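Q: Numbering (the numbering used here), first residue to last: 384 to 482.
Before anything else, here's the structure in question.
Below, the structure is given as structure tokens:
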């Protein structure tokens, strides 16, 4: 039996998150809400989570995402950094986002 070990990728300010190939955001007209679709799973992100996920395009670094979200919400970057990086780490651990 071959044993495989998954190496956990850790989010950094230079990471450029992107949604995995098998994941997509889609608007559900019936529920009037955005859904994150993944094989056999559906997630219903709140407004802030949706704004973070929309920036997961492989072009924005985490630092850029935090600056944009800070401007959008009128929030101090230092205060939102742990929330944004924690969110991205959690979604990476769930195999939904590549860091």
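No residue lacks a Cβ here, since even glycine has one placed at the ideal position from N, Cα and C.
Remember, predicted model here, so these are calculated numbers, not experimental data.
1) Determine the closest residue to residue 453 out of 441, 435, 474, 469, with distance taken between C-alpha atoms.
2) Report the option in 406, 439, 388 whose CA atom is closest to the CA atom of residue 423.
3) For residue 390, which three-state DSSP category applies?
4) Which complete beta strand (DSSP E) runs does the segment 416-448 hold, if anything under 3 residues is left out?
5) Output the boundary residues of the alpha helix (DSSP H) element that contains residue 471.
A: If we stick to the structure as given:
1) Closest by alpha carbon: 435.
2) A check of alpha carbon separations from residue 423 across 406, 439, 388 identifies 406 as the nearest.
3) Residue state, collapsed to three classes: coil.
4) Uninterrupted beta strand (DSSP E) stretches at least 3 residues long and entirely within the segment 416-448 occur at 416-421, 424-426, given in chain order.
5) Boundaries of the alpha helix (DSSP H) harbouring residue 471: 460-476, taken from the DSSP string.
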